[in-house]
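A.B. asks:
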Amino acid sequence: MIAGVSIYEILIVSTIVFFIGVYGFLTRKNLISVLLSVELILNATAINFVIFNKYLFPGHVQGLFFTLFLIAVAAAEVAIAIAIIIDLYRITKSVNVDETAEMKH
Amino acid sequence: MERIIFYIFAAAIILFSLFSVTSTRILRAAIYLFLVLVSIAGLYFMLGYHFLGAVQLTVYAGGIVVLIIFSILLTEQIDSRMPAPKLGTMILSGAVAVIGATVSIFAITGHNFETTPETVNAGTVEKVGERLLSYGEGGYVLPFEVISVLLLAAMIGAIVIAKRPKSDEQTSE
């Protein structure tokens, strides 16, 4: 636990990052920048897991392990997402959300 | 002292994530995301979870951001600018984000968390390594193996999806 910092301050930081990610997810039109916003949301939840683990149950490591596996799943997710985006770019010559409404080809 | 460092990290996380979703140049947005991830890794180091901080730096800041930058370079011109979102969309999503954040922060500050003072750091690299490969009570060897299969499947899937189909190759060249 960080000396002099309460759990509330860190939770507020992670909440703000989460909703900045939501804002980006709703406003962005470019598929890759939507992916960036999803990464922000994922990281905010990862911070929450670690903080609850550290402040409420410091003798356990479940939150830490959940975050470790979350990072691995995020890596797999990004690899697949980028493969799909590149494939989509090859078909439509664009990574814009509006122009990729058709997935069937 | 630790308080000041925490506030610097918190300010960096919030500021750079804001830049990351508002920058019109996508390459800069990716670099801002990189800075956010590095600051979060700093937070993990401050909490005493050194292994988690190292994983965050190597997998996220090292691997995922490089992957994203490569995909940006493959699909876009470096100096191209994204058009700014419509004003209506910006106001609506901004309102959603602000209302959601306010409700959540009220819920958090209204709840009384019973924090337990820490006696020993249970998340040292040594203990995490032992737990990760132990079969016994509280061991994580099964999820560890399952995640390796998942990564292999994701790798093969990414190759299959991104590979150009054969008939396409002949017509274009």
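Same order as they appear, the protein sequences are chains A and B.
Per the working numbering: the first sequence ends with 228, consecutive numbering throughout.
Per the working numbering: the second sequence ends with 463, consecutive numbering throughout.
Yeah, the Cβ is synthetic: ideal placement off N, Cα and C, and Gly gets one too.
All of these numbers come straight from a predicted model, not from anything done at the bench.
Could you list the residues in the stretch 203-227 of chain A with a C-beta less than 8 angstroms from some C-beta on chain B, going in chain order?
C.D. replies: Answer in chain order: Ile203, Ile205, Ala206, Ile207, Ile208, Ile209, Asp210, Tyr212, Arg213, Val218.
A.B. asks: Chain B beta carbons: is any one of them nearer than 9 angstroms to that of Thr168 (chain A)?
C.D. replies: Closer than 9 angstroms: no.
A.B. asks: Say whether chain A places a C-beta atom closer than 9 angstroms to the C-beta of Leu423 (chain B).
C.D. replies: Not an interface residue.
A.B. asks: With a threshold of 8 angstroms (Cβ to nearest heavy atom), would Met291 (chain B) be considered close to the ligand FMN?
C.D. replies: This structure lacks the ligand FMN; in fact it carries no ligand of any kind.
A.B. asks: Please check if any C-beta of chain A sits within less than 9 angstroms of the C-beta of Gly332 (chain B).
C.D. replies: Output row for Gly332 (chain B): interface = no.
A.B. asks: For Leu154 (chain A), which of B:Val311, B:Lys417, B:Phe324, B:Val328 has the nearest alpha-carbon?
C.D. replies: Residue B:Val311 is the option with its Cα nearest to Leu154 (chain A).
A.B. asks: Any idea if Met124 (chain A) is buried or exposed, counting beta-carbon neighbours within 10 angstroms, 16 or more meaning buried?
C.D. replies: That one is buried.
A.B. asks: With a Cβ-Cβ cutoff of 9 angstroms, do Thr399 (chain B) and Ile135 (chain A) count as a contact?
C.D. replies: Cβ distance < 9 angstroms, so Thr399 (chain B) and Ile135 (chain A) count as in contact.
A.B. asks: Taking 9 angstroms as the cut-off, decide whether the C-beta atoms of Val431 (chain B) and Leu441 (chain B) are in contact.
C.D. replies: For Val431 (chain B) and Leu441 (chain B), no; Cβs fall outside 9 angstroms.
A.B. asks: Just reading off the alpha helix (DSSP H) that Ile135 (chain A) is part of, what are its end residues?
C.D. replies: Segment 130-150, the alpha helix (DSSP H) holding Ile135 (chain A).
A.B. asks: What residue ranges within the stretch 364-419 of chain B form continuous alpha helix (DSSP H) runs of no fewer than 4 residues, ordered along the chain?
C.D. replies: The qualifying runs are 377-400.
A.B. asks: Is Ile362 (chain B) close to chain A, meaning its C-beta is less than 9 angstroms from at least one C-beta of that chain?
C.D. replies: So, interface residue.
A.B. asks: For Leu187 (chain A), collect the residues of the same chain with a Cβ closer than 7 angstroms to its Cβ; drop the 5 residues on either side in sequence, then sort them by chain order.
C.D. replies: Once the five neighbours on either side are set aside, the close Cβ partners of Leu187 (chain A) are Val173, Asn176.
A.B. asks: Of the residues B:Glu416, B:Gly378, B:Val436, which one's Cα is nearest the Cα of Tyr146 (chain A)?
C.D. replies: Of the candidates B:Glu416, B:Gly378, B:Val436, the one whose C-alpha sits nearest the C-alpha of Tyr146 (chain A) is B:Gly378.
A.B. asks: Count the other CB atoms, across all protein chains shown, that sit within 10 Å of the CB of Val418 (chain B); report buried if there are 16 or more and exposed otherwise.
C.D. replies: Buried: at least 16 other Cβ atoms inside 10 Å.
A.B. asks: Which whole-angstrom value is the C-beta distance of Leu159 (chain A) and Ala320 (chain B), which I expect to be below 8 angstroms?
C.D. replies: 7 angstroms between Cβ atoms; contact.
A.B. asks: Measuring CB atoms only, is the stretch 201-218 of chain A touching the stretch 353-360 of chain B, in the sense that at least three cross pairs come out at less than 8 angstroms?
C.D. replies: Yes, since at least three Cβ pairs between the stretch 201-218 of chain A and the stretch 353-360 of chain B fall closer than 8 angstroms, the two stretches touch.
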